[in-house]
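Colleague:
Protein chains: 2
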Amino acid sequence: MSRIYFNDVVCRDGFQIEPNFIPTEDKIKLVDELSQCGFAKIEVTSFTSPKAIPMLRDAEEVMGKIKRVPGVEYTVLVPNLRGAERAFESRADEFNLVMSTSETHNLANLRMGREKSFFGLAKVIQYVDGKVPINVSLSTAFGCPMEGDVPQEVVEDYVQRFADLGVRGVTICDTTGMANPAQVSKMAESLQKRFTNLQLTLHFHNTRGMGLANLLAAVQSGITRFDGSLGGLGGCPYAPGASGNISSEDAIHMLDEMGYDTGINIPRLLQLARELPMIVRHDVPGQIAKAGLSCDLHPAPAYVDDLRK
Amino acid sequence: MSRIYFNDVVCRDGFQIEPNFIPTEDKIKLVDELSQCGFAKIEVTSFTSPKAIPMLRDAEEVMGKIKRVPGVEYTVLVPNLRGAERAFESRADEFNLVMSTSETHNLANLRMGREKSFFGLAKVIQYVDGKVPINVSLSTAFGCPMEGDVPQEVVEDYVQRFADLGVRGVTICDTTGMANPAQVSKMAESLQKRFTNLQLTLHFHNTRGMGLANLLAAVQSGITRFDGSLGGLGGCPYAPGASGNISSEDAIHMLDEMGYDTGINIPRLLQLARELPMIVRHDVPGQIAKAGLSCDLHPAPAYVDDLRK
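One line per chain: the protein sequences are S and G, in this order. Going by full-length UniProt numbering, 101 is the number at position 101 of the first sequence; the sequence numbering is gapless. Going by full-length UniProt numbering, 91 is the number at position 91 of the second sequence; the sequence numbering is gapless.
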């Protein structure tokens, strides 16, 4: 039974765009509960400027108070050298660097061009100097909502350049849910062939309903690492009302039903997903929290017994 | 480029469980607009007793007033001999018969056991006598929300028995969204091998988020005919709050993006999906109506131009 590894990103990627501040103790509790569910990795927070993302201004406190479970990697977003210093101090297990493969998206999101981002991140990698494993998340790798197509060669070029700098892994992100399964298979096969020593993770959004189909295509192509977000939180400012990240519980439930080993305690994860709307104070897109697991049975209506006689 | 054929079931399967009566003229207009989108088949209504399903009490009027487009098949649900008489009078292109492969679900839904349903439908088939093509929709073929697993042999046995009676096609229905892609592949491959002369259609629900992943698995296994419901309308009383049928527009958009020929005018379909909430007076689950097509571009924020300089 193949093993699939999940990284839950709700506490960083999910919470980051939430309108109401989530109390620090709720964040710590959620990370601890995710640890108990059996996630391989948890993206805990971001060492961005507290002014830029007030929601994650408690990064140090959260990292200092979570209960670290052996076998779970606690990763953090590191935007620059200052972030790397803070991440070192907080003893993160992995630093996750981010840039876009689309020039316009990088300008819109990070307020600088791709080359400036690349060289900034290269400095972070040099500074970290192999002391902590580094992952790079490449945004809009399957298309940019402002530019349209992002050629696969452009994505592969950035993967190559970061691989040359010695990063451990790269996450290929479908930031606004533009990927389709055929495109995913093509990308996944090519990257695995070319970068045999790199940890490859795929990050899908369900903006256009294709999230789990893309996950399936990636699994069929041999990818074993995925990002997911509890409840499907996290979204896309270009598609208000649409879903965001694929829901961890929906994705994991599907793979479990197919016979994959996700390492996750699914009833526990489902319970957590059902508590999430209370934490964020609104409904969330995840489906199995509403519908139950495929194996959850319902009683037959009372008249069925009479009819049977 | 492979051709995929879609049957939109919103006017029957979707509307059937809507709480507010949808005016007859809205139904007629919607069928006519679906015809213009290029659907291969449209399930227009049901010739059930008007008392049992008041929503579809206008079946004759709808069938009498729609504008039939050559190349589009107008199918209707036929529950019994009386329904078949009415369907003949209304000149339906296909009669769609329904029963469950789970005993408990058949009792709950049709208030009789499976064998009684089978022999009732056999009488309808005999009465129709080849004058109109017949399709049989087999419910809960991937699992029953009350019994749990439905063995594939049981499903195949019913397919065999209906094939022996000379039906043209069979629709394998995941009535409450319990199917997973591995199960779908196994079912699709086995049925296609065994029933080479039967028109096979798959009908998925997105109750647990797996709808388009299941569609992908079926397409990969060679299935070319699918049911979908505009907006993802139609649902499952056992999963309140969860999605119902796969959304025609989301499914068709995905296959189109992958390079399949769906025969559908997608911008026109998207427009129709965006009008649907006005017809049913509530939000609907379909995603691309909210998010737009993958190829719909958005303007970059104004500061991007300044940054570029």
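Beta carbons are placed, not taken as given, at the ideal position from N, Cα and C, and that holds for glycine. Nothing here was measured: the structure is a model prediction, and the numbers come from that model.
Is the Cβ-Cβ distance between T201/S and F162/S less than 8 Å?
Modeller: Not in contact: T201/S and F162/S (Cβ atoms no closer than 8 Å).
Colleague: Taking the straight line between their C-alpha atoms, what separation do you get for residue 318/S and S46/S?
Modeller: As shown, chain S starts at 1 and ends at 309. That puts residue 318/S outside it, with no answer to give.
Colleague: Check E147/S in the structure and name its three-state DSSP category.
Modeller: Correct three-state label for E147/S: coil.
Colleague: Using a Cβ cut-off of 8 Å (strictly closer), state whether E257/S contacts chain G.
Modeller: Yes, its Cβ sits closer than 8 Å to a Cβ of chain G.
Colleague: Distance check for F142/G and D149/G, CA to CA, integer angstroms please.
Modeller: Straight-line Cα distance between these residues: approximately 7 Å.
Colleague: Which bits of chain G does I288/S rub up against, with CB to CB less than 8 Å?
Modeller: The answer, in chain order, is R208, G209.
Colleague: Quick check: the Cα distance between V262/S and E33/G, rounded to an integer number of angstroms?
Modeller: Sequence inspection shows Thr at residue 262/S; the Val mentioned does not correspond to that position. C-alpha separation (whole angstroms): 44 Å.
Colleague: Going by DSSP, name the residue or residues bridged to R168/S.
Modeller: DSSP lists no partner for R168/S.
Colleague: Tell me the DSSP secondary structure of H298/G in three-state form.
Modeller: H298/G: coil per DSSP, three-state reduction.
Colleague: So, is Y74/S buried or exposed, given that buried needs 16 or more other C-beta atoms within 10 angstroms?
Modeller: Classification of Y74/S: buried, given that the 10 Å Cβ count is 16 or more.
Colleague: Any C-beta of chain G within less than 7 Å: which residues of the segment 75-109 of chain S qualify?
Modeller: Under the 7 Å Cβ criterion, the segment 75-109 of chain S contributes T104, L107, A108.
Colleague: Using CA atoms only, rank isn't needed, just tell me which of H205/G, H203/G, F204/G, A213/G is closest to N206/S.
Modeller: Per the Cα distances, A213/G.
Colleague: Any beta carbon of chain S sitting closer than 8 Å to that of A218/G?
Modeller: Closer than 8 Å: no.
Colleague: Flag A213/S as yes if its beta-carbon sits less than 8 Å from any beta-carbon of chain G, otherwise no.
Modeller: By this cut-off, A213/S is an interface position.
Colleague: Would I279/G and D26/G be called neighbours here (beta carbons separated by less than 8 Å)?
Modeller: Going by C-beta atoms, I279/G is nearer than 8 Å to D26/G.
Colleague: Residues in the same chain with beta-carbon distance under 7 Å from A87/S, minus the five sequence neighbours each way, listed in chain order, please.
Modeller: Same-chain partners within the cutoff: F47, V76, V78, F95.
Colleague: Of the residues G234/G, L230/G, Q160/G, which one's Cα is nearest the Cα of H253/G?
Modeller: Measuring from the Cα of H253/G, the nearest candidate turns out to be L230/G.
Colleague: Would M187/G pass as an interface residue toward chain S - the criterion being a Cβ-Cβ separation below 8 Å?
Modeller: Not closer than 8 Å to any Cβ of chain S, the Cβ of M187/G fails to qualify, so no.
Colleague: Per DSSP, what kind of secondary structure is G228/S in: helix, strand or coil?
Modeller: Three-state DSSP puts G228/S in a strand.
Colleague: If you measure between the beta carbons of I42/G and V62/G, is that distance less than 8 Å?
Modeller: Not a contact, by the Cβ cut-off of 8 Å.
Colleague: Thinking just about the alpha-carbon of each residue, which of Q220/S, S49/S, L272/S, L269/S is nearest to the one in M258/S?
Modeller: Of the candidates Q220/S, S49/S, L272/S, L269/S, the one whose C-alpha sits nearest the C-alpha of M258/S is Q220/S.
Colleague: Which residue comes first and which comes last in the beta strand (DSSP E) that contains K29/G?
Modeller: Segment 24-37 is the alpha helix (DSSP H) holding K29/G; no beta strand (DSSP E) there.
Colleague: Throw me the rounded Cβ distance for the S190/G and E156/G pair, which I believe falls under 8 Å.
Modeller: Sure, about 7 Å apart at Cβ, within 8 Å.
Colleague: Can you tell me which of the three DSSP states E18/G falls into?
Modeller: Of the three classes helix, strand and coil, the one that applies to E18/G here is coil, per DSSP.
Colleague: Any idea which residues DSSP pairs V98/G with across the strands?
Modeller: S137/G.
Colleague: If you run the structure through DSSP and keep just helix, strand and coil, what is F6/S?
Modeller: In the structure shown, F6/S sits in a strand (DSSP, three-state: E or B).
Colleague: Please state whether the Cβ-Cβ distance between I66/S and I28/S is less than 8 Å.
Modeller: Yes.
Colleague: What do you reckon, are the CB atoms on P285/S and L216/G nearer than 8 Å?
Modeller: Not in contact: P285/S and L216/G (Cβ atoms no closer than 8 Å).
Colleague: Three-state secondary structure (DSSP) at D261/G?
Modeller: In the structure shown, D261/G sits in a strand (DSSP, three-state: E or B).
Colleague: Helix, strand or coil for N245/G, going by three-state DSSP, please let me know.
Modeller: Residue state, collapsed to three classes: strand.
Colleague: By the DSSP assignment, the alpha helix (DSSP H) with V184/S in it spans what residues?
Modeller: Counting along the chain, the alpha helix (DSSP H) containing V184/S begins and ends at 181-194.
Colleague: In terms of alpha-carbon separation, which member of P277/S, R82/S, E85/S, R91/S lies closest to V44/S?
Modeller: Looking at the Cα atoms, R91/S is the closest of the given residues.
Colleague: Given this structure, state the Cα-to-Cα distance separating R281/G from N20/G, to the nearest angstrom.
Modeller: About 8 Å.
Colleague: Closer than 9 Å by beta-carbon distance: list the chain S residues that pair up with V304/G, in chain order.
Modeller: Those are T104, L107, A108, R111, M146, listed as they occur along chain S.
Colleague: Against L307/G, what residues of chain S qualify as contacts under a CB-to-CB distance less than 8 Å, listed in chain order?
Modeller: Near L307/G (Cβ distances below 8 Å), the residues of chain S are L107, R111, M112, G113.
Colleague: Is there a C-beta anywhere in chain G that falls below 8 Å from the one on C295/S?
Modeller: Yes, contact with chain G.
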